[in-house]
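Last residue of the sequence shown? That's 90 in my numbering, and every number before it is there in order.
Don't be surprised by glycine CBs; every beta carbon is placed ideally from N, CA and C.
Following: one structure in structure tokens, then a few remarks.
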Amino acid sequence: RARLHQPALGLQPRGGGSLTSTLRTLLFFTALMITLPVGLYFSSKAYVFEGSLGMSDRDSYFYAAIVAVVTVHVVLALFVYVAWNEGSRQWREGKQD
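This is the structure in structure tokens:
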């Protein structure tokens, strides 16, 4: 009998594939957590609050900081959602074995 090799089918071993997927997800959200709030802080300050709305420098700092804090919370919520779904998917796959 010829046995099919699992990597040839595109399947990954449970231990290695799970760890790689988890690290990839963690790195993606780490990059989002660093770049998105900082980028939105400076862009909303310059283009939205000072540029479009004509706010003073002091007021634009305040509102841009609120945008950055909300962005941090959104990224954290998305990370928890993705991690929860990934964990429950891995748990279901483990239970079916």
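How many angstroms separate the CA atom of A58 from the CA atom of S11?
The residue labelled residue 58 in the question sits at position 65 within the sequence shown. The residue labelled residue 11 in the question sits at position 18 within the sequence shown. Each residue's Cα considered, the two are about 36 Å apart.
Return the Cβ separation of M26 and V73 in integer angstroms, given the expectation that the two are a contact with Cβ distance under 8 Å.
On the sequence shown, position 33 is the one that residue 26 refers to. On the sequence shown, position 80 is the one that residue 73 refers to. The Cβ separation is near 12 Å, so there is no contact.
Which of helix, strand or coil does DSSP assign to E79?
Here residue 79 refers to the residue found at position 86 when the sequence shown is read from its first residue. DSSP places E79 in helix when its eight states are reduced to three.
Between the Cα of V62 and the Cα atoms of R82, S37, L20, S14, which residue gives the shortest distance?
Working through the sequence shown from its first residue, we reach residue 62 at position 69. The shortest C-alpha to C-alpha distance from V62 to any of R82, S37, L20, S14 is the one to S37.
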